[in-house]
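Data first, discussion second: the structure below is written as structure tokens.
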Amino acid sequence: MTGQTGFARALTVAGSDSGGGAGIQADLKTMQELGVFGMSALTAVTVQNSLGVHGVHPLEPAAVADQAEAVLSDIGADAVKTGMLFSSEVIEAVCDVLERYAVRRLTVDPVMIAKGGASLLRAEAVAAMVRRLLPMAEIVTPNVPEACALLGLPEDAIRDETDMADAARQIRLLGPEYVLVKGGHLGETEAETRTECADVLAGGSDLLRVLRSPFIPTRHTHGTGCTLSAAITAYRARGLAMEEAVRGAKDFVSKAIAYAVPTGGGIGSLWHAA
Ligand code: PLP
226 MTGQTGFARA
236 LTVAGSDSGG
246 GAGIQADLKT
256 MQELGVFGMS
266 ALTAVTVQNS
276 LGVHGVHPLE
286 PAAVADQAEA
296 VLSDIGADAV
306 KTGMLFSSEV
316 IEAVCDVLER
326 YAVRRLTVDP
336 VMIAKGGASL
346 LRAEAVAAMV
356 RRLLPMAEIV
366 TPNVPEACAL
376 LGLPEDAIRD
386 ETDMADAARQ
396 IRLLGPEYVL
406 VKGGHLGETE
416 AETRTECADV
426 LAGGSDLLRV
436 LRSPFIPTRH
446 THGTGCTLSA
456 AITAYRARGL
466 AMEEAVRGAK
476 DFVSKAIAYA
486 VPTGGGIGSL
496 WHAA
């Protein structure tokens, strides 16, 4: 094999999912599939399988920051994403490094709670995320409950596409250049009659787009958010414009959901080689 030249590099700062479906594992698989050299700064080890999160072991903030520093000072990254950050101390430490290396292409997936209900971000850390991390983000990708938490709204405040668009505009005012509010959680109760899944992208100079994809009826959707934000990051590392990167990432995730595998006895995971 000959060496690659001119390759794109992406760093993920996120938690490990021992079950392989979400977190760092989903990120690295996605980056690999999209032809990008993936690197990681681990924030926490989760004890996890298809049945849920059975334990969370956070790393010291300095250990997280040191990994990012080691990567950025030597290999470099064309784009960076953050996933599970767990505490305000980790958020502060990571932001210090990202600031020092003037990281511009930063995707923030504001991971808060796993599908099974386990907390992946302490409640006290939301304020640090809003104050420190969001202003540095090129794009932030909340689902509906996360968008409500970022805005300090009640959990049921976002009910339709109009609410999603309002929330996207309001989150933009917190600093990120683009906001993608993901609508996957809306209409879950009507899953049997649902035909599409809509996300709202706001940003740039007055850009507002409703991005639609076919709704794929499967319960094996573990890792969807991680995969989407990793794909956006990989496409940005390759130099695609933001709207193109988001559309490409949505397409990648839709295919990965269509080929999802029923890993274990609970909620299975996406198949990343889509
Ligand atoms: N575990 C880790 C380490 C994660 O980063 C995430 C991502 O959001 C999850 C679990 C949650 O995945 P899901 O909500 O799809 O179960």
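Using my numbering, you'd call the opening residue of the sequence shown number 226 and step up by one each time.
C-beta: ideal position from N, C-alpha, C; glycine also.
These numbers come from a predicted model, not from an experiment.
Taking the DSSP output, what are the residues bridged to I338?
Within the sequence shown, the letter at position 113 stands for residue 338. Looking at the DSSP assignment, I338 forms a beta bridge with S344.
Hey, would you say L236 sits closer than 8 Å to A295, going by beta carbons?
As a first step, residue 236 is located in the sequence shown; it is residue number 11 there, counting from the start. As a first step, residue 295 is located in the sequence shown; it is residue number 70 there, counting from the start. It is not a contact, given that the beta carbons lie outside the stated cut-off.
First through last residue of the beta strand (DSSP E) which encompasses G184
The structure shown has nothing for residue 184, since the chain only spans 226 to 499.
Could you tell me which residues DSSP puts in a beta bridge with G280?
Position 55 of the sequence shown, counted from the start, is the residue given in the question as residue 280. Beta-bridge pairing links G280 to V272.
With DSSP run on the structure shown, which of helix, strand or coil describes V328?
If you number the sequence shown from 1, residue 328 lands on position 103. Here V328 sits in coil by DSSP.
Alpha carbon of T366 to alpha carbon of G228, nearest angstrom
Taking the first residue of the sequence shown as 1, we reach residue 366 at position 141. Taking the first residue of the sequence shown as 1, we reach residue 228 at position 3. So the two alpha carbons sit approximately 34 Å from each other.
Classify R437 as helix, strand or coil using the three-state DSSP reduction.
To locate residue 437, count along the sequence shown from 1; it is residue 212. The answer is strand: DSSP assigns R437 an E or B state.
Would L453 pass as a contact of K475 if the rule is Cβ separation under 8 Å?
As a working mapping, residue 453 is identified with position 228 in the sequence shown. As a working mapping, residue 475 is identified with position 250 in the sequence shown. Cβ distance < 8 Å, so L453 and K475 count as in contact.
Assuming V402 and G428 form a contact by the criterion Cβ under 8 Å, report the distance between their Cβ atoms to the nearest whole angstrom.
Start at 1 with the first residue of the sequence shown, and residue 402 comes out as number 177. Start at 1 with the first residue of the sequence shown, and residue 428 comes out as number 203. The question names Val, but residue 402 in the sequence shown is Glu. The Cβ separation is near 5 Å, so the contact holds.
Residue span of the alpha helix (DSSP H) that contains T387, given as start and end
Translated into the one-based positions of the sequence shown, residue 387 becomes position 162. Taken as a continuous stretch (DSSP letters only), the alpha helix (DSSP H) holding T387 covers E386 to R397.
Please confirm whether A462 and A239 have their CB atoms less than 8 Å apart.
In the sequence shown, the residue the question calls residue 462 occupies position 237. In the sequence shown, the residue the question calls residue 239 occupies position 14. No. Outside cutoff.
Following a CB-centred definition, is S241 positioned closer than 7 Å to any heavy atom of ligand 1?
Along the sequence shown, one-based indexing puts residue 241 at 16. Because some heavy atom of ligand 1 lies under 7 Å away, the Cβ of S241 counts as near it: yes.
Please find out if some non-hydrogen atom of ligand 1 comes closer than 7 Å to the beta-carbon of Q395.
Within the sequence shown, numbered from 1, the residue matching residue 395 stands at position 170. No, since every heavy atom of ligand 1 falls outside the 7 Å radius drawn around the Cβ of Q395.
Quick check on this structure: which residue in F311, T268 and A483 has the alpha carbon closest to the alpha carbon of A343?
In the sequence shown, residue 343 corresponds to position 118, counting from 1. Ranking the options by Cα distance to A343, first place goes to F311.
In chain order, what residues of the same chain lie with their CB nearer than 6 Å to the CB of M264, ignoring the 5 residues before and after it?
Position 39 of the sequence shown, counted from the first residue, corresponds to residue 264. The residues are L236 and V296.
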